[in-house]
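Residue numbers (UniProt numbering), protein chains in the order written: chain R, 1 to 262; chain Z, 1 to 268.
We put the beta carbon where it would ideally sit given N, CA and C, even for glycine.
For reference, the structure is listed below as C-alpha cells.
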C-alpha cells in the first residue's frame, strides 16, 4: 500500500497538467479493483408469487397463525429496514461525486457499495409490496437527511466519509442482529410448542443474515480506508450513530402508531 | 406560584384527556390494522366471531326491506335460531350490520379479481390490463355490490349518518382505508414510495364521493355513477401526471445545475 502512494506523490509533483486527474487513477491503481463479496446485487429478487402451499400431507407439523404482536414486529421491521436502505443508497449517491472527484481510486469501491445497497433496497421494497406492509411515511424526511449527511461528510474529506460509513454500518449491523435474534426467539418458541416455521420466514431470516454480512463488509472497507483517521473521529461517529439510533427509534415507535390511530 | 400550579393542573388534565383514549384503543372495533400479510402461515381470526357472523349474515338478508336497523338485527337473530336478546352480542347495534356489509363486500373483491384478472402474472397474458384500469374495474365492482342496499344507504335508516357518528368514525375510516388498500393490492400496484399514500388517499376520497353520488343516481344500471367515477379517476391521473412531470423537471434541472458547477471545478 505504501509504495504506490509514494509513487503517486512523485507523479503528482511532476505532472501538473489538467490531464492528471484522468491519468492518475490509471497509474496509481495497483490495489485490488474487485471487492470480495459473497453475493452479487442481483440475487436480491423476491419471488412475487406466493410460495406454493406446502401441504402435501396433513401429518406434517402445523403452522401457527401469527399473533398481532408478531405481525406488528414483522411489519415494523420491514418498514424500518426499507427506510434504512433508502437512506443508505442516498448516502452513497450523495457521497460518490465529491469523493470520487477528489479520490478517483475510490470509484470502484463506492460503485460496489452502492450496488449492494441498491440491491438491499429493492429486496425490502418488494418484500413490503408482497406482504402488504405500509411503507415508511417519513420517506421525504429520510431522503433529505440522508442526502445531507452523505454530501456533507464527503465534502469534509475521504476520512470523514469513511467514518460516516463506519458509524452507519455499525448501527445497522446491530440493528439487523437484533431483528435476527427476535426472529430466532419466535422460531424457537414455535418449535418447542410443536409448530413448524413457514418457509417465508426462514427465507426472511436468510435474507437478513446475508444483508447484515454485506453491511459489515462495508464497515471493513470503511476501516481499511482510514475511517479511524477522521479528524474528530469520536465526535463524528458519535453524532452519526446517535442520529441512526434516533431514526430507527422514530420509525419503530412513532410510525407504528401513526395510522392505526386514524 | 398559584398560577403556575393552576397551569400544571390544567396541563395534567389535558394530558390525561389525551392519553386516555390511547388506553381504550385496543377495543374489538379497531382490530386488524394493515400489518404483515403472511402467505404460508394461517391468517388470524376474522373480525366477527362465528356467533356474530351467524346473526349478521341472517340479519343482512333483511336489510333491503328493513334497512340497517335494530329491527333487522332482531329478525336476523330469530332466523339464525338465537333469542331476540342475543343481539346484545353486538353492542354497536346497527353499526355492526353496516360493518358486516363493508367487510364482506371488501373480502368478496379478492375472488372476483382472481376470476376476472386471472391469477397473478401468468393468467394476465391474455388481456394485460394496466393498474389504473384494474383500479377502475375493482372500484366499480365494489360500488355495484352496494346496489342491493343502495336505497337503504341514505334513506330510511341512514347508514351514512350512522357511520358519521363520532364513535364510529375511526372504524368507518379504517374500513375505507382497508378497501383502498385492497383495491390497489388486487390491481397489482407495487409502489412503496410516498405515492403509496397519495394513491390510497385519493382513491378513498373518490370512492366515498362516488358512493354518495350513487345514492341519488336513478339512471339504469347506475351508468351516471360509473361516468362520475371515471371522471374523478381521470382527473386524479391528470393531476398526478402533471405533478410527476414538474417533479421530474425540477430534479433534472437541479442535477444538471450541480453538474455544471462541478464541471467548473467547484468541489461539491
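Who does residue i pair with in a DSSP beta bridge?
i	result
residue 196 of chain R	R:63
What residue from the options has the CA that sits closest to residue i's CA?
i	options	result
residue 37 of chain Z	R:157, R:71 and R:137	R:71
residue 85 of chain R	R:113, R:232, R:198 and R:181	R:113
residue 168 of chain Z	Z:219, Z:213 and Z:99	Z:99
residue 173 of chain R	R:188, R:190 and R:211	R:211
residue 194 of chain Z	R:83, R:63, R:77 and R:69	R:83
residue 213 of chain R	R:120, R:142 and R:93	R:120
residue 203 of chain Z	Z:161, Z:214 and Z:178	Z:178
residue 231 of chain Z	Z:133, Z:43 and Z:58	Z:133
residue 235 of chain R	R:153, R:252, R:218 and R:193	R:153
residue 89 of chain R	R:106, R:117, R:110 and R:77	R:117
residue 198 of chain Z	Z:47, Z:217 and Z:241	Z:241
residue 186 of chain Z	Z:214, Z:219, Z:118 and Z:63	Z:118
residue 205 of chain R	R:78, R:136, R:243 and R:130	R:78
residue 225 of chain Z	Z:209, Z:49 and Z:239	Z:209
residue 115 of chain Z	Z:104, Z:141 and Z:90	Z:141
residue 140 of chain R	Z:48, Z:196 and Z:60	Z:196
residue 212 of chain Z	Z:80, Z:144, Z:91 and Z:86	Z:144
residue 137 of chain Z	Z:109, Z:146, Z:258 and Z:159	Z:109
residue 265 of chain Z	R:62, R:102 and R:75	R:102
residue 105 of chain Z	Z:222, Z:180 and Z:261	Z:180
residue 47 of chain Z	R:225, R:68 and R:184	R:68
residue 182 of chain Z	R:87, R:106, R:133 and R:251	R:133
residue 233 of chain R	R:157, R:136, R:215 and R:109	R:157
residue 128 of chain Z	Z:163, Z:188 and Z:258	Z:188
Residue i versus chain Z: which residues are under 7 angstroms apart at the beta carbon?
i	result
residue 75 of chain R	35 and 36
residue 97 of chain R	262
residue 106 of chain R	In chain order: nothing, as chain Z lies at least about 15 angstroms away.
residue 72 of chain R	35
residue 178 of chain R	None at all; the shortest Cβ gap to chain Z is about 17 angstroms.
residue 125 of chain R	192
Mind listing the chain Z neighbours of residue i? Cutoff is C-beta to C-beta under 9 angstroms, in chain order.
i	result
residue 181 of chain R	Per Cβ cutoff of 9 angstroms: no residues; residue 181 of chain R is ~18 angstroms from chain Z at best.
residue 200 of chain R	38, 39, 40 and 41
residue 135 of chain R	191, 192, 193, 194, 196 and 197
In the DSSP assignment, find the alpha helix (DSSP H) that holds residue i and state where it starts and stops.
i	result
residue 241 of chain R	233-249
residue 201 of chain Z	195-215
residue 105 of chain R	No alpha helix (DSSP H) contains residue 105 of chain R, which DSSP labels as neither H nor E.
residue 241 of chain Z	223-263
residue 70 of chain Z	70-79
residue 183 of chain Z	169-186
residue 137 of chain Z	131-144
residue 144 of chain R	139-156
residue 95 of chain Z	94-107
residue 56 of chain Z	50-60
residue 65 of chain Z	63-66
residue 160 of chain Z	159-163
Would you grab the beta carbon distance between residue i and residue j for me? Rounded to a whole angstrom, and I think it's under 8 angstroms.
i	j	result
residue 163 of chain R	residue 96 of chain R	So it is not a contact: roughly 16 angstroms between Cβ atoms.
residue 159 of chain R	residue 230 of chain R	4 angstroms
residue 167 of chain R	residue 91 of chain R	About 11 angstroms; that fails the 8 angstroms criterion.
residue 208 of chain R	residue 180 of chain R	5 angstroms
residue 128 of chain R	residue 192 of chain Z	5 angstroms
residue 222 of chain R	residue 165 of chain R	4 angstroms
residue 69 of chain Z	residue 77 of chain Z	Their Cβ separation, rounded to whole angstroms, is 13 angstroms, which puts residue 69 of chain Z and residue 77 of chain Z out of contact at 8 angstroms.
residue 63 of chain Z	residue 72 of chain Z	6 angstroms
residue 64 of chain R	residue 176 of chain R	Not a contact, Cβ separation roughly 25 angstroms.
residue 97 of chain Z	residue 147 of chain Z	Contact flag wrong, Cβ pair sits at about 17 angstroms.
residue 199 of chain R	residue 40 of chain Z	6 angstroms
residue 98 of chain R	residue 155 of chain R	5 angstroms
residue 214 of chain Z	residue 150 of chain Z	6 angstroms
residue 52 of chain Z	residue 89 of chain Z	6 angstroms
residue 87 of chain R	residue 142 of chain R	5 angstroms
residue 216 of chain R	residue 169 of chain R	7 angstroms
Interface residues of chain R around residue i at Cβ under 7 angstroms?
i	result
residue 185 of chain Z	132
residue 207 of chain Z	Correct list: empty, because the minimum Cβ distance to chain R is about 16 angstroms.
residue 190 of chain Z	129
Strictly below 8 angstroms CB to CB, what residues from chain R border residue i?
i	result
residue 267 of chain Z	98, 101, 102 and 155
Which residues of chain Z have a Cβ atom closer than 8 angstroms to the Cβ of residue i, listed in chain order?
i	result
residue 139 of chain R	193 and 194
residue 63 of chain R	40, 41 and 42
residue 82 of chain R	192
residue 66 of chain R	36, 38, 41 and 44
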